[in-house]
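Trainee:
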Amino acid sequence: MADVEHTIGLLLGTEDDWPRAYEALLRRLGVVTGPDGRTHRAVTERVTIEPFNLRDKPRHDLVIDRLAYWYYHPREWLKKISLMDDVYLLNSPFTFQSMEKHAAYCAMMRLGLKVPETVLVPYKNPLDNSRYAYTSARYNKEFDLDATAERVGYPLYMKPYDGGAWVGVSKIRNSDELHAAYDASGERLMHLQAAVEGYDVFARSLTIGPETMVMKFRPEQPMHSRYEVDHGFLTADVGQEVVTISRLVNAFFRWEFNSCESLVRGTEVHPIDYANACPDVAITSLHYYFPWAMSALLRWTVFCVVTGRKATLDTDTARYFAIGDDPSMSYEDKLGEYRRLADEYFETERYEEFCDKHMGNVDAIVYDWVTSDEFRSLLRETVRATYPVHEHEKFLGHFGGLIDAWVRDHS
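Take 344 as the starting number for the sequence shown in this note's numbering and just add one per residue.
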């Protein structure tokens with residue numbers, strides 16, 4: 344019997360594949376002996392949305408949130424349990440609410456990252472608010488949209504300042520497309536961002552705690568084919584830069600379950616999107632990389648609850664800006680310092696020691712689970728719930744083959 348039991352809350356939307364996978368792996372992990380010499384067991388509970396008293400004590404030690412970025416009620420519950428009860432949250436609801444895409448661009452530009460030229464333009468249509476309409480009529484300065492776009496340079500992208508899932512993103516090649524997209528934006532606030540033309544590869548890095556998987560991403564493909572299984576598509580130096588940028592973003596904003604998109608042209612890494620409150624971890628997207636994601640999520644959450652890791656709500660922006668503002672430091676030197684700060688925030692060395700000593704069996708547990716009937720049942724049910732009947736056989740073969748490749752590579 345475990346001396347200590349920890350409850351991990353899952354705050355979910357429509358997804359059911361990875362939560363079932365995570366729950367199954369946590370059960371298989373069972374008891375972990377912590378550095379304190381006691382045994383620990385973590386159990387999950389799917390969080391329901393209901394009225395809550397601000398003085399209620401939550402049952403959870405940690406919550407994995409996949410919903411609150413989009414909905415106010417669960418977001419306010421997360422704020423409450425974070426501020427009042429010290430419940431550990433993988434992603435800070437405070438920075439995701441206040442810093443979205445726009446402020447993330449601003450911060451990373453100041454830190455010297457190679458973010459493409461970006462301009463925020465006013466609303467096409469005033470918000471449906473009488474006070475704002477009055478203010479807009481008096482104070483919104485007329486501007487030349489064409490001239491603004493020319494300064495950014497064609498081709499460019501128009502994209503929501505706080506968007507997600509590629510909604511509202513348009514590639515703009517000329518003035519006609521510019522005005523059509525701006526007219527369609529309505530009450531959405533939009534960025535114009537220079538395209539990185541002629542890039543060699545689109546890299547998408549998923550970071551969970553201090554672990555990062557960099558994947559070759561093909562946005563022009565349908566979702567089931569966007570992540571290409573390729574282990575050598577970046578040089579070692581560029582790969583390390585992508586990893587460092589991903590962990591820098593997460594440590595800076597206190598995000599521990601987030602993805603980062605970067606365009607690599609030659610040896611230049613241009614991060615273009617790195618505020619993803621609900622990064623894609625669907626089995627029908629990640630396929631080959633899905634077992635890694637579940638392993639990393641299992642390790643990081645168990646490490647947090649067993650060691651009693653404390654959430655850090657305040658952000659040490661001044662420490663990062665002191666590096667970014669130092670004209671005597673090269674870009675490479677700054678990256679090195681950012682990586683040091685990220686490792687400090689994530690307690691990377693302590694985490695690796697903990698995993699080696701107390702969770703060395705995770706890889707074997709995940710391998711046994713992926714090769715089990717339980718996993719194949721999950722894959723079948725997910726495919727049947729995701730695709731129309733006439734495509735079931737095709738996609739069962741597609742994803743089954745990719746998982747078989749993972750099994751061969753890890754046997």
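All C-beta atoms, glycine included, are put in the ideal place defined by N, C-alpha and C. On a predicted model such as this, the values are computed, not experimentally measured, just so you know.
Taking the straight line between their C-alpha atoms, what separation do you get for G740 and E734?
Mentor: Stepping through the sequence shown from its first residue, residue 740 is reached at position 397. Stepping through the sequence shown from its first residue, residue 734 is reached at position 391. Distance between the alpha carbons of G740 and E734 is about 10 Å.
Trainee: Is the stretch 557 to 574 touching the stretch 590 to 600, taking contact as three or more C-beta pairs under 8 Å?
Mentor: Flag = no, the stretch 557 to 574 and the stretch 590 to 600 do not touch.
Trainee: How many angstroms separate the CA atom of L499 from the CA atom of D379?
Mentor: Locating residue 499 in the sequence shown gives position 156, counting from the first residue. Locating residue 379 in the sequence shown gives position 36, counting from the first residue. Each residue's alpha carbon lies about 54 Å from the other.
Trainee: Would you call the stretch 378 to 396 in contact with the stretch 352 to 359, where contact means no fewer than 3 C-beta pairs closer than 8 Å?
Mentor: Output reads yes: the stretch 352 to 359 touches the stretch 378 to 396.
Trainee: With contact counted as at least three CB pairs below 8 Å, one residue from each stretch, are the stretch 542 to 553 and the stretch 518 to 531 in contact?
Mentor: They do not touch, by the three-pair rule.
Trainee: Roughly how many angstroms separate the alpha carbons of P459 and P614, rounded to a whole number?
Mentor: Here residue 459 is taken as the residue at index 116 of the sequence shown, counted from 1. Here residue 614 is taken as the residue at index 271 of the sequence shown, counted from 1. Taking the straight line from one Cα to the other gives about 8 Å.
Trainee: Throw me the rounded Cβ distance for the K444 and A618 pair, which I believe falls under 8 Å.
Mentor: The count along the sequence shown starts at 1 and reaches residue 444 at position 101. The count along the sequence shown starts at 1 and reaches residue 618 at position 275. Going by Cβ atoms, the distance from K444 to A618 rounds to 5 Å, so yes, they are a contact pair.
Trainee: Secondary structure at W413, three-state DSSP: helix, strand or coil?
Mentor: For the purposes of this step, residue 413 is taken as the residue at position 70 of the sequence shown. Of the three classes helix, strand and coil, the one that applies to W413 here is coil, per DSSP.
Trainee: According to DSSP, simplified to helix, strand and coil, what is S425?
Mentor: If you number the sequence shown from 1, residue 425 lands on position 82. In the structure shown, S425 sits in a helix (DSSP, three-state: H, G or I).
Trainee: Where Y674 and H534 are concerned, what is the direct C-alpha to C-alpha distance, given to the nearest angstrom?
Mentor: Numbered from 1 along the sequence shown, position 331 holds the residue referred to as residue 674. Numbered from 1 along the sequence shown, position 191 holds the residue referred to as residue 534. Y674 and H534: Cα-Cα distance of roughly 26 Å.
Trainee: How about L456 and I588: are their beta carbons less than 8 Å apart?
Mentor: Your numbering for residue 456 matches position 113 in the sequence shown. Your numbering for residue 588 matches position 245 in the sequence shown. Yes, these two residues count as a Cβ contact at 8 Å.
Trainee: Alpha carbon to alpha carbon, what distance is there between S720 and L426?
Mentor: For the purposes of this step, residue 426 is taken as the residue at position 83 of the sequence shown. For the purposes of this step, residue 720 is taken as the residue at position 377 of the sequence shown. Roughly 40 Å separates the two Cα atoms.
Trainee: Is it the case that the Cβ atoms of A367 and E717 are separated by a distance below 8 Å?
Mentor: Your numbering for residue 367 matches position 24 in the sequence shown. Your numbering for residue 717 matches position 374 in the sequence shown. Yes; because the gap between Cβ atoms is below 8 Å, this pair is in contact.
Trainee: In this structure, how does DSSP classify T603 when only helix, strand and coil are distinguished?
Mentor: Locating residue 603 in the sequence shown gives position 260, where the first residue counts as 1. It should be noted that the sequence gives Cys, not Thr, for residue 603. It is a strand residue.
Trainee: Does any C-beta atom of chain C lie closer than 8 Å to the C-beta of Y542?
Mentor: No chain C appears in the structure shown, which is made up of a single protein chain.
Trainee: D756 lies in the alpha helix (DSSP H); which residues open and close that run?
Mentor: With the chain running from 344 to 754 in the structure shown, residue 756 is simply not present.
Trainee: Pull the bridge partners of F697 from the DSSP assignment, please.
Mentor: As a first step, residue 697 is located in the sequence shown; it is residue number 354 there, counting from the start. F697 pairs with nothing; no bridge assigned.
Trainee: Do D543 and S518 have their CB atoms nearer than 8 Å?
Mentor: As a working note, residue 543 is residue 200 in the sequence shown. As a working note, residue 518 is residue 175 in the sequence shown. Result no, Cβ atoms of D543 and S518 do not sit closer than 8 Å.
Trainee: Considering only the alpha carbon of each residue, which of R547, A546, E520 and I515 lies closest to Q536?
Mentor: What you label residue 536 is simply residue 193 of the sequence shown in a count that begins at 1. Minimum Cα distance to Q536 is reached at I515.
Trainee: Three or more beta-carbon pairs under 8 Å between the stretch 632 to 650 and the stretch 403 to 419, yes or no?
Mentor: Segments in contact, yes.
Trainee: Would you report the Cα separation of F439 and G541, rounded to the nearest angstrom?
Mentor: Counting from 1 along the sequence shown, the entry for residue 439 is found at position 96. Counting from 1 along the sequence shown, the entry for residue 541 is found at position 198. Computed Cα separation, rounded: 31 Å.
Trainee: Give me the Cα-Cα distance between V713 and V750, rounded to the nearest whole angstrom.
Mentor: Working through the sequence shown from its first residue, we reach residue 713 at position 370. Working through the sequence shown from its first residue, we reach residue 750 at position 407. Cα to Cα, the separation comes out at about 8 Å.
Trainee: Under the rule that 16 or more other beta-carbon atoms within 10 Å means buried, what is V510, buried or exposed?
Mentor: To locate residue 510, count along the sequence shown from 1; it is residue 167. With fewer than 16 other Cβ atoms within 10 Å, it is exposed.
Trainee: Is T660 closer than 8 Å to T729 when the C-beta atoms are compared?
Mentor: Numbered from 1 along the sequence shown, position 386 holds the residue referred to as residue 729. Numbered from 1 along the sequence shown, position 317 holds the residue referred to as residue 660. Going by C-beta atoms, T729 is not nearer than 8 Å to T660.
Trainee: Measuring only the C-alpha atoms, how far is R418 from L641?
Mentor: The count along the sequence shown starts at 1 and reaches residue 418 at position 75. The count along the sequence shown starts at 1 and reaches residue 641 at position 298. Going from the Cα of R418 to the Cα of L641 covers about 23 Å.
Trainee: Alpha carbon to alpha carbon, what distance is there between G496 and E687?
Mentor: Counted from its first residue, the sequence shown places residue 687 at position 344. Counted from its first residue, the sequence shown places residue 496 at position 153. Cα to Cα, the separation comes out at about 39 Å.
Trainee: For M702, I'd like the list of residues in its chain whose CB is within less than 7 Å of its CB, leaving aside the five on either flank, ordered along the chain.
Mentor: For the purposes of this step, residue 702 is identified with residue 359 of the sequence shown, where counting begins at 1. Here the set comprises V375, R642 and V645.
Trainee: Can you give me the C-alpha to C-alpha distance between R608 and A538, rounded to a whole angstrom?
Mentor: Indexing the sequence shown from 1 puts residue 608 at position 265. Indexing the sequence shown from 1 puts residue 538 at position 195. Roughly 12 Å between the two C-alpha positions.
Trainee: Would the beta-carbon of V705 fall within 8 Å of that of S638?
Mentor: Walking along the sequence shown from the start, residue 705 turns up at place 362. Walking along the sequence shown from the start, residue 638 turns up at place 295. It is a contact, given that the beta carbons lie within the stated cut-off.
Trainee: So what does DSSP say about V539, is it helix, strand or coil?
Mentor: Your numbering for residue 539 matches position 196 in the sequence shown. In this structure, V539 counts as coil in the three-state DSSP scheme.
Trainee: Taking all protein chains shown into account, decide if D360 is buried (16 or more other Cβ within 10 angstroms of its Cβ) or exposed.
Mentor: As a first step, residue 360 is located in the sequence shown; it is residue number 17 there, counting from the start. D360 should be labelled buried.
Trainee: Considering only C-alpha positions, which residue in the set R652, H349, T357 and V347 is nearest to V624?
Mentor: Looking up residue 624 in the sequence shown gives position 281. With distances taken between Cα atoms, V624 lies closest to T357.
Trainee: By the three-class DSSP mapping on this structure, what secondary structure does R547 have?
Mentor: Your numbering for residue 547 matches position 204 in the sequence shown. Of the three classes helix, strand and coil, the one that applies to R547 here is strand, per DSSP.
Trainee: Any idea what DSSP makes of R516, helix, strand or coil?
Mentor: For the purposes of this step, residue 516 is taken as the residue at position 173 of the sequence shown. Reduced to three states, the DSSP call for R516 is coil.
Trainee: For H630 versus F545, is the C-beta spacing smaller than 8 Å?
Mentor: In the sequence shown, the residue the question calls residue 630 occupies position 287. In the sequence shown, the residue the question calls residue 545 occupies position 202. Not a contact, by the Cβ cut-off of 8 Å.
Trainee: Straight-line CA distance for Y710 to R547?
Mentor: Reading the sequence shown from its first residue, position 367 is the one you call residue 710. Reading the sequence shown from its first residue, position 204 is the one you call residue 547. Y710 and R547: Cα-Cα distance of roughly 24 Å.
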